[in-house]
Every structure is written in structure tokens, then in C-alpha cells.
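Counting from 1 along the sequence shown, just add 299 to a position and that's the residue number in the working numbering.
See below for the structure under consideration.
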Amino acid sequence: MNDEMRGSDRRTAPEARSIALFRALQLGDLLCSVPALRSLRATYPTAHIALIGLPWAKTFVTRFSAYLDEFIPFPGFPGLPEQEPDCEGLLDFLGAMQQRQVDLLIQMHGNGTLINPLMVSLGARTTAGYTTTEAYCPDPAWFMTYPDHLPEVRRHLALVEFLGVPSQGDALEFPLQAQDFAATDRIFSTYGLSPRSYICLHPGGRGTARRWPPEQFARAADRLASFGLRIAITGTQEEQPIVRAVLGRMRGSAIDLSGQTDLGTMGALLSRSAGLVANDTGVSHLAAALHVPSVILSVGSDPHRWNPLDREHHRVLAGEELAEDSVLEHIDCLVARSLMDMTPVTPSGLGSHPKRSDVLERQL
Numbered sequence: 300m301n302d303e304m305r306g307s308d309r310r311t312a313p314e315a316r317s318i319a320l321f322r323a324l325q326l327g328d329l330l331c332s333v334p335a336l337r338s339l340r341a342t343y344p345t346a347h348i349a350l351i352g353l354p355w356a357k358t359f360v361t362r363f364s365a366y367l368d369e370f371i372p373f374p375g376f377p378g379l380p381e382q383e384p385d386c387e388g389l390l391d392f393l394g395a396m397q398q399r400q401v402d403l404l405i406q407m408h409g410n411g412t413l414i415n416p417l418m419v420s421l422g423a424r425t426t427a428g429y430t431t432t433e434a435y436c437p438d439p440a441w442f443m444t445y446p447d448h449l450p451e452v453r454r455h456l457a458l459v460e461f462l463g464v465p466s467q468g469d470a471l472e473f474p475l476q477a478q479d480f481a482a483t484d485r486i487f488s489t490y491g492l493s494p495r496s497y498i499c500l501h502p503g504g505r506g507t508a509r510r511w512p513p514e515q516f517a518r519a520a521d522r523l524a525s526f527g528l529r530i531a532i533t534g535t536q537e538e539q540p541i542v543r544a545v546l547g548r549m550r551g552s553a554i555d556l557s558g559q560t561d562l563g564t565m566g567a568l569l570s571r572s573a574g575l576v577a578n579d580t581g582v583s584h585l586a587a588a589l590h591v592p593s594v595i596l597s598v599g600s601d602p603h604r605w606n607p608l609d610r611e612h613h614r615v616l617a618g619e620e621l622a623e624d625s626v627l628e629h630i631d632c633l634v635a636r637s638l639m640d641m642t643p644v645t646p647s648g649l650g651s652h653p654k655r656s657d658v659l660e661r662q663l
């Protein structure tokens, strides 16, 4: 089957009452797959759709309940770097999936070099996904050549379109809930913050090679503070040493929020901020989903692949643009853009994420 199906040659999506999506990756990877999830739900409004993912992704599935019905924890697999494989758990996982026998399994994890043989062993009636000339291809009719020339969001849209599922657009989204704003209100009360009075810095990231140096983040923070903005430095509990390294190199002061925000709280905090300066990590895609202006520092990653598609509000810097003077210049522009839009985000803005009933109503 040709990867480039258009017009009258476009196939009809396979019938399926149960669908499993395999994407055992991190936050940014899953956020970039949301447009594909939205498209699948529009085509399969009543299907049971499960995500096979890393343990952390259980909260992701709960948040995106309009598109996903179930979380299935993946125990890991030899050769995949995201987690240490649990070989005994893998046998149990294989047995449970074979017994379940889903109608459609979609491998959205990557090019298939390591994972495609495992996909076949899961016992789905139809298995689809990505492949390459070097990878094992279980079924040429349902596996497309991995489109590594496309940005990440559009790679997954290309896959579902290949399967006959029309795209519902490439916009990211992240539904915020009342408890997310309640947690942010507690942070506001503790530190004396208010909407748009602060900007978020996120100096963490996976691996030193993918992080802008703490001393340069410190100078960026001081530059932002010179505009009268409060500085909220965010990060996971594991990233606290990085945050403290930035704090220790600043001339001024900042608020250390490392280890104090879960995913939803981080989203609400971002949505009420004046903007974000961060490494190219999951929080950058969170800002894109929430339409928060950002300057993203792409150190050791592929900017073409991971750039937010909205270039108006998000500036990704790479290569020579990562020189400190260049970054500070773009930070000045970020503040200027933010000051032009001082409309606070409040819980009254809840509901932009479609409810399952709304999705069903559009399709029935």
C-alpha cells in the first residue's frame, strides 16, 4: 500500500470496537500525539481506546478521557531506554494482551526497529504502525514508512491518515481542571503571585547534553526580573539541584517551585504566567498546548522535529542562536509579546477540551 494515498485512493479506516495505542514515552512525546488521538476518537466515537504506556502516563489518560478510555502499563522491553524491563511482568503483559485480542493495535512508538516484533506478539486482529527498510514489517498493507522528515505532531497525523482516519487538525491541547487552578491558587497565596505577574523558567531536562547551562539561565532570570516580573523556577523533585544551581548564580531572587507541581498544577501555573523560558522538554509542549508565549532552548535535540508549529507565540533557538546575547534578545521580545496580552486565565475558561458526550454527538 502506498504511503501517499490521496483523493479517491484514500482507504477506509478499519472497523474496530477496541483499539490499543502503543506509545511508551514521556510527556512531550504524548502531547505531540494528541492531534492523532483526537482524530482517532472522531472516527471511532464509540470504540474502547486504550493507551499502552509508561507508568507515569496513567495520569495522562485520566486527563485525556475524551479520547482515551483505559491505561495499560507497559513493563518495558530489552533495548528500549525509557525504563528497566521487568521480564516477568513482560510475560504477564503479553499473555493479557493476547487474551484481550484487540481489534486494532497501532504502533505509534517509533520507526519500529526494535518494537515491531513485540507488536505482532500482542495478538491484535489487525496490527498497524511505522516501519523502515531495516525494520521488521508485520504487514505492508498497514505499516507506513516512518516519516522522519516531518515534525513530530505531523508524523502521527500522517500515520492515522494512512490508516484512513481523517485529520482533525494539528493543534495541541491540554485540558485544565478546577483542582489544577485550586492548587495554583495555593501557590499564589504562599508566594504572593497573581496572574501575569510572573514568568516561568524551567532549566531541567533529560540529560546534561540537552540543557542550557545554569549560569546562563541565571542571567536570563535576572534579565526577566529587570522588567518587573517575578521569576518562578519550576522542575521535578529530581531537578531540584539544577534549580538551586540557577538560584545560586542569580543576582536577584526567584521562587523555587521545584518538586511542588504535578502535571495539572504545572499547566495551570503556565496558563496564568507571562510566558516560559525552558529547555526543549515536555513543558515546552505544555506551553504550546496552552498558547503560552515561550522561548525554547533546543540544546542537543532536533528543532525541526520538536518545534511548536505555532511560530508566532513560540520561538525555538538552536545552534548559534543559543549564544547568551541572542537568547536575551529573544527574551526581550517574549516580554514585549506578553505585556500586549494581559488577560488573566481563570477557571471560567474551563471546558475548552471536548467532553466525550460532545464527541459522540458530533458523530452520531
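In this text, a Cβ means the ideal position worked out from N, Cα and C, and glycines have one as well.
As the structure is a prediction and not an experimental result, all values here were calculated from the model.
Same chain only: Cβ atoms within 6 angstroms of residue i, ignoring 5 sequence neighbours per side
| i | result |
| --- | --- |
| L326 | G581 |
| S493 | none |
| T342 | A312 and V464 |
| G503 | G534, E538 and I541 |
| L666 | The chain is shown only over 300 to 663; residue 666 falls outside these bounds and no answer can be derived. |
| N606 | V615 |
| A349 | A319, E369 and I371 |
Element boundaries [alpha helix (DSSP H), containing residue i]
| i | result |
| --- | --- |
| N410 | Looking at the DSSP string, N410 is not in any alpha helix (DSSP H), and its letter there is neither H nor E. |
| L404 | Premise fails: L404 lies in the beta strand (DSSP E), L403 to Q406, not in any alpha helix (DSSP H). |
| E514 | P513 to A524 |
| L326 | L326 to C331 |
| V459 | E451 to F461 |
| E387 | C386 to R399 |
| T361 | K357 to R362 |
Straight-line gap, residue i to residue j (C-alpha atoms, nearest Å)
| i | j | result |
| --- | --- | --- |
| A356 | R362 | 10 angstroms |
| R614 | D391 | 45 angstroms |
| R636 | D561 | 27 angstroms |
| R495 | T358 | 27 angstroms |
| P384 | G375 | 4 angstroms |
| A457 | T432 | 18 angstroms |
| L633 | S593 | 7 angstroms |
| T483 | G566 | 9 angstroms |
| D609 | G394 | 43 angstroms |
| I371 | F526 | 47 angstroms |
| F373 | H448 | 28 angstroms |
| H612 | I498 | 15 angstroms |
| D521 | F487 | 21 angstroms |
Three-state secondary structure assigned by DSSP to residue i
| i | result |
| --- | --- |
| L596 | strand |
| V615 | strand |
| H347 | strand |
| V464 | coil |
| D368 | coil |
| A315 | coil |
| G547 | helix |
| T560 | coil |
| F480 | helix |
| T375 | Reading the sequence as shown, one finds Gly at residue 375 and not Thr. Reduced to three states, the DSSP call for G375 is coil. |
| F487 | helix |
Range of the contiguous beta strand (DSSP E) that encloses residue i
| i | result |
| --- | --- |
| C499 | Y497 to H501 |
| T580 | T580 -> no beta strand (DSSP E), and no H or E assigned at all. |
| R510 | Careful: R510 lies outside any beta strand (DSSP E) and carries neither H nor E. |
| G428 | T425 to T430 |
| A531 | R529 to I532 |
| T444 | F442 to T444 |
Close beta carbons around residue i, own chain, < 8 angstroms, minus the five adjacent residues each side
| i | result |
| --- | --- |
| G599 | G506, A508 and R509 |
Chain-order list of residues whose beta-carbon lies under 7 angstroms from that of residue i (same chain, five-residue window excluded)
| i | result |
| --- | --- |
| V591 | L569, S570, S572, G574 and L575 |
| H603 | P450 |
8 angstroms Cβ cutoff, residue i in contact with chain B
| i | result |
| --- | --- |
| R510 | The structure shown contains no chain B; it is built from a single protein chain. |
**Report entry** Segment contact, 8 angstroms Cβ cut-off, at least three pairs: the segment 546 to 553 with the segment 469 to 476
**Finding:** Using a Cβ-Cβ distance cut-off of 8 angstroms, the segment 546 to 553 and the segment 469 to 476 are not in contact, since fewer than three pairs of beta carbons, one from each stretch, lie closer than that value.
Query raised in the report: Is it a yes or a no for the segment 407 to 425 touching the segment 310 to 327, going by three-plus beta-carbon pairs under 8 angstroms?
Result: Enough Cβ pairs lie closer than 8 angstroms, so yes.
**Report entry** the segment 409 to 419 contacting the segment 433 to 441, beta-carbon criterion three pairs below 8 angstroms
**Finding:** Contact check between the segment 409 to 419 and the segment 433 to 441: three or more CB pairs, one atom from each, fall below 8 angstroms, which counts as touching.
Query raised in the report: For the 8 angstroms Cβ check, are there 3 or more pairs between the segment 446 to 456 and the segment 329 to 337?
Result: Flag = yes, the segment 446 to 456 and the segment 329 to 337 touch.
Query raised in the report: Okay, do the segment 535 to 549 and the segment 510 to 520 touch, 3+ Cβ pairs below 8 angstroms being the bar?
Result: In short, these stretches touch, since the Cβ pair count reaches three.
Query raised in the report: Given 8 angstroms as the limit, is there contact between the segment 556 to 563 and the segment 528 to 538, that is, 3 or more CB pairs closer than that?
Result: Judged by pairs of C-beta atoms under 8 angstroms, the segment 556 to 563 touches the segment 528 to 538, as three or more such pairs exist.
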